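The structure under discussion appears below in the form of structure tokens.
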Amino acid sequence: MTTIDMTGKRVLVTGGSRGIGRGIVDAFLAAGARRRERQPRRDHRRGPARSWSWRSCGRRAIVAAALAGLGGLDVLINNAGAGGATRLDKATEEDWDRVVDTNLKGAFFVTQAAAPALRQSKVCIVNIASVFGLIGVAGSSAYCASKAVVINMTRCHALELAPEVRVNAICPGGVDTDMLRALAVRIGGTVEAGYAMLSPDAAAQKRIAHVREIAGPALYLSSDLASFVTGSVYVVDGGETID
Ligand SMILES: NC(=O)c1ccc[n+]([C@@H]2O[C@H](COP(=O)([O-])OP(=O)(O)OC[C@H]3O[C@@H](n4cnc5c(N)ncnc54)[C@H](O)[C@@H]3O)[C@@H](O)[C@H]2O)c1
Numbered sequence: 087m088t089t090i091d092m093t094g095k096r097v098l099v100t101g102g103s104r105g106i107g108r109g110i111v112d113a114f115l116a117a118g119a120r121r122r123e124r125q126p127r128r129d130h131r132r133g134p135a136r137s138w139s140w141r142s143c144g145r146r147a148i149v150a151a152a153l154a155g156l157g158g159l160d161v162l163i164n165n166a167g168a169g170g171a172t173r174l175d176k177a178t179e180e181d182w183d184r185v186v187d188t189n190l191k192g193a194f195f196v197t198q199a200a201a202p203a204l205r206q207s208k209v210c211i212v213n214i215a216s217v218f219g220l221i222g223v224a225g226s227s228a229y230c231a232s233k234a235v236v237i238n239m240t241r242c243h244a245l246e247l248a249p250e251v252r253v254n255a256i257c258p259g260g261v262d263t264d265m266l267r268a269l270a271v272r273i274g275g276t277v278e279a280g281y282a283m284l285s286p287d288a289a290a291q292k293r294i295a296h297v298r299e300i301a302g303p304a305l306y307l308s309s310d311l312a313s314f315v316t317g318s319v320y321v322v323d324g325g326e327t328i329d
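And the structure:
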């Protein structure tokens, strides 16, 4: 059986502190990727940190810190993302800016900063988009629009960075994380009621995913098993968008 071996690979996962990003970090570490712990700047009693906030030090600085700490980069996972309602009758420009800045501009400018290092090591980028980038969802236009653009930006970057770098997108359906729990409460009043609405009987799998079910496809796309896969959009949604 073929197994995925990431021994020694240098991987940057944005938003890797929790949720899907954390699941991806754990999957890469289990496959042998290099662990780089870093002490937090202020409070050393909290133990090793594995993430940096780009609000505090900027996207370029995060990539520079990762490059300096790891000595290069083999894989970039653009995962950091923000949700939030943007109803037509209520949304402000600030609401739009927050979502677009995190989901879209974040992925673009982190990729821009990391691209030279990725070209050198000839590996890949995985953008975490969403099925909400493929379908319309009332009240979520900023989020849906940002993810739709991430999907098409993936194709643009696959052409722009070819042939050295492969660039692919994953479109998860509902995954049990803080982000989805917040959405579930917003639409259903409780997490359970919201999850029932988000995983309808019409979906093939009829359930919400665990983060490791997104981490697996991310690991595959980052590996040599996917050496001819670029510009692709992987829908990992338990059949939510089949019809
Ligand atoms: N959970 C789902 O159902 C689902 C479905 C489809 C796509 N996604 C996407 O998966 C990705 C991860 O989402 P999640 O569900 O794990 O959410 P989450 O809220 O649990 O985690 C989001 C991560 O992004 C980071 N982040 C948010 N805003 C940031 C900012 N401005 N700067 C830097 N980091 C920031 C957070 O610190 C956190 O680590 C997102 O891009 C999200 O849009 C999630």
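All letters in the sequence shown, in the order written, are residues 87 to 329 by my numbering. Cβ coordinates follow ideal geometry from the N, Cα and C atoms, glycine included. Quick caveat: nothing in here was measured; it's all calculated off a predicted structure.
Span separating the alpha-carbon of S207 from that of M265
Translated into positions along the sequence shown, residue 207 becomes position 121. Translated into positions along the sequence shown, residue 265 becomes position 179. If I take the Cα positions, the gap works out to 33 Å.
With a cut-off of 8 Å on the beta carbons, I'd call V251 and L204 a contact; round off their distance for me.
By 1-based counting over the sequence shown, the position of residue 251 is 165. By 1-based counting over the sequence shown, the position of residue 204 is 118. So it is a contact: roughly 5 Å between Cβ atoms.
Rounded straight-line distance, which links the Cα of F114 to that of G169:
As a working note, residue 169 is residue 83 in the sequence shown. As a working note, residue 114 is residue 28 in the sequence shown. Spanning the two alpha carbons is a distance of roughly 25 Å.
Excluding the five sequence neighbours on either side, which residues of its own chain have a C-beta within less than 6 Å of the C-beta of A234, listed in chain order?
Reading the sequence shown from its first residue, position 148 is the one you call residue 234. Within the same chain, A234 has close Cβ partners G219.
Bridge partner(s) assigned by DSSP for A154:
By 1-based counting over the sequence shown, the position of residue 154 is 68. DSSP lists no partner for A154.
Ranges of the alpha helix (DSSP H) found wholly within the stretch 225-311, counting only runs of at least 4:
227-246, 264-274, 277-284, 298-307
Measuring CA to CA, which of V209, R96, K95, A244 is closest to S313?
As a position in the sequence shown, residue 313 is number 227, starting the count at 1. The residue with the shortest Cα to Cα distance from S313 is V209.
Grab the span of the beta strand (DSSP E) containing I110 for me, first residue to last.
Taking the first residue of the sequence shown as position 1, residue 110 is located at position 24. It is not in any beta strand (DSSP E) - I110 instead sits in the alpha helix (DSSP H) that spans 105-116.
Suppose the cutoff is 8 Å on Cβ atoms and the five residues either side in sequence are ignored; what does the same chain contact list for K292 look like?
For the purposes of this step, residue 292 is taken as residue 206 along the sequence shown, with counting starting at 1. Cβ neighbours of K292 beyond the five flanking positions: S285, P286, G324.
Local conformation of I148 per DSSP, three classes:
Within the sequence shown, numbered from 1, the residue matching residue 148 stands at position 62. Looking at I148 - three-state DSSP - the assignment turns out to be helix.
CA-CA distance, R146 and A288?
One-based indexing of the sequence shown puts residue 146 at position 60. One-based indexing of the sequence shown puts residue 288 at position 202. Approximately 43 Å, taken between the alpha carbons.
Run through DSSP, which three-state label would T316 get?
Along the sequence shown, one-based indexing puts residue 316 at 230. Three-state DSSP puts T316 in coil, outside helix and strand.
Cα-Cα separation, R104 to V111
Numbered from 1 along the sequence shown, position 18 holds the residue referred to as residue 104. Numbered from 1 along the sequence shown, position 25 holds the residue referred to as residue 111. Whole-angstrom Cα-Cα distance: 9 Å.
Since L162 sits in a beta bridge, which residues does DSSP pair it with?
For this step, residue 162 is matched to residue 76 along the sequence shown. Answer is L98, I211, bridged to L162.
Under the criterion of a Cβ to heavy atom distance below 6 Å, does P258 qualify as lining ligand 1?
Walking along the sequence shown from the start, residue 258 turns up at place 172. Correct: P258 has its Cβ closer than 6 Å to ligand 1.
Return yes when the C-beta of L305 is under 6 Å from any heavy atom of ligand 1, and no when it is not.
Here the question's residue 305 lines up with position 219 in the sequence shown. It does not: the Cβ of L305 is nowhere closer than 6 Å to a heavy atom of ligand 1.
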